[in-house]
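Report on the following structure.
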Amino acid sequence: DDKGSFLSSYENSSRSPQNIRLSTAALDYSTTTKRLQFNAGAKVYNVRSNSGWDFTSGGSITDNQFLYREQNYALYADGTISWKKVAARMGLRGEYTYLSTHSYFPSTDSLNTQHYFKLFPTVYVQYTINDDNLLILSANRRINRPDYYRLNPFNYYVTPYFITSGNPFLRPSLDYAVRMDYVLKNNYTFSLFYNYTK
Numbered sequence: 125d126d127k128g129s130f131l132s133s134y135e136n137s138s139r140s141p142q143n144i145r146l147s148t149a150a151l152d153y154s155t156t157t158k159r160l161q162f163n164a165g166a167k168v169y170n171v172r173s174n175s176g177w178d179f180t181s182g183g184s185i186t187d188n189q190f191l192y193r194e195q196n197y198a199l200y201a202d203g204t205i206s207w208k209k210v211a212a213r214m215g216l217r218g219e220y221t222y223l224s225t226h227s228y229f230p231s232t233d234s235l236n237t238q239h240y241f242k243l244f245p246t247v248y249v250q251y252t253i254n255d256d257n258l259l260i261l262s263a264n265r266r267i268n269r270p271d272y273y274r275l276n277p278f279n280y281y282v283t284p285y286f287i288t289s290g291n292p293f294l295r296p297s298l299d300y301a302v303r304m305d306y307v308l309k310n311n312y313t314f315s316l317f318y319n320y321t322k
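Heads up, the sequence shown is in the working numbering, so the first residue is 125 and it goes up one at a time.
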């Protein structure tokens, strides 16, 4: 007011304990000959996250808990071969993912599971026309998984009027890319590319 006193006040306190366990194992194999380099491998990782959020405002207490589990199994192989003016690299990675999120609220209990198998190819071809001219063609498919906090449905109060929350039903995005580069005299690169995200 005009005397410098607050007309209203807002106070809250919150506590957010978190426990994350990550475990992974990988096995790789590589061999090289005069013209060929070959790599293959397998990888397994497991994520277990348990996060809570206790929010106190005006005497009322909100207690939430969010459990996140993810298991991923991947196999990959790629090879690089070169001869005369051409060098090429081709690879393929396959991944199976199982994911579950479990949200505990004072009045609701939500469980969401996802499982999917995806293939991710990569192709790279380089053609040397001469010492001053080079052509490169590449194509790949990639995956981009949502961060934990984007899946966590807790209401996070920034102010009494600004609340953010995640969406446990989000799916990963798949990125497709094709690109052609022309390199002139090792100094100038001209590119033509196409990107698509699903």
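By construction, the Cβ of each residue, glycine as well, lies at the ideal position given by its N, Cα and C atoms.
Going straight from the alpha carbon of residue i to that of residue j, what length do you get?
i, j, result
"Tyr200", "Thr252", "28 angstroms"
"Leu235", "Lys209", "55 angstroms"
"Tyr153", "Gln238", "31 angstroms"
"Leu258", "Lys158", "23 angstroms"
"Asn143", "Ala263", "39 angstroms"
"Leu316", "Phe293", "35 angstroms"
"Tyr228", "Arg145", "20 angstroms"
"Ser206", "Gln161", "9 angstroms"
"Phe298", "Thr155", "Checking the sequence shown, residue 298 turns out to be Leu, not Phe. Their backbone Cα atoms lie some 31 angstroms apart in a straight line."
"Lys322", "Tyr240", "15 angstroms"
"Tyr300", "Pro284", "41 angstroms"
"Tyr248", "Asp305", "11 angstroms"
"Ser138", "Phe286", "16 angstroms"
"Ser132", "Asp125", "10 angstroms"
"Thr204", "Arg274", "38 angstroms"
"Asn70", "Arg295", "Outside the shown range of the chain (125 to 322) lies residue 70, about which nothing can therefore be said."
"Asn136", "Ser129", "20 angstroms"
"Ile260", "Asn254", "13 angstroms"
Return the chain-ordered list of same chain residues with a C-beta closer than 6 angstroms to the C-beta of residue i, the five sequence neighbours on each side being excluded.
i, result
"Ala211", "Gln250"
"Ala150", "Lys167"
"Ser224", "Arg193, Thr237"
"Tyr169", "Thr148, Asn196"
"Thr246", "Gly215, Asn264"
"His352", "Lying before the first or after the last residue shown, residue 352 is absent from the chain, which here runs from 125 to 322."
"Phe314", "Tyr306"
"Arg303", "Ser262, Phe317"
"Tyr134", "Pro284"
"Arg213", "Thr204, Tyr248"
Pop quiz: residue i and residue j are said to be a contact at Cβ under 8 angstroms. What is the actual Cβ separation, rounded to whole angstroms?
i, j, result
"Ser175", "Ser140", "7 angstroms"
"Asn310", "Phe190", "Not a contact, Cβ separation roughly 52 angstroms."
"Phe244", "Arg266", "6 angstroms"
"Asn188", "Trp177", "5 angstroms"
"Asp256", "Leu308", "7 angstroms"
Where DSSP assigns a beta bridge to residue i, which residues make up the other side?
i, result
"Val282", "DSSP lists no partner for Val282."
"Ile287", "Tyr281"
"Asp202", "Asn163, Gly215"
"Phe130", "Answer by DSSP bridge pairing: none, since Phe130 is not bridged."
"Thr157", "Paired residue(s): none; Thr157 is not in a bridge."
"Arg145", "Arg172"
Tell me which residues share the same chain as residue i and place their Cβ nearer than 7 angstroms to its Cβ, disregarding the 5 neighbours each side in the sequence.
i, result
"Lys242", "Glu219, Ile267"
"Gly165", "Ala150, Leu151, Asp152, Tyr153, Tyr200"
Under 8 angstroms Cβ to Cβ from residue i, same chain only, skipping five residues before and after it: list those, please.
i, result
"Val282", "Thr288"
>> Give the list of continuous beta strand (DSSP E) stretches no shorter than 3 residues that lie fully inside the segment 239-280.
In response: 257-268
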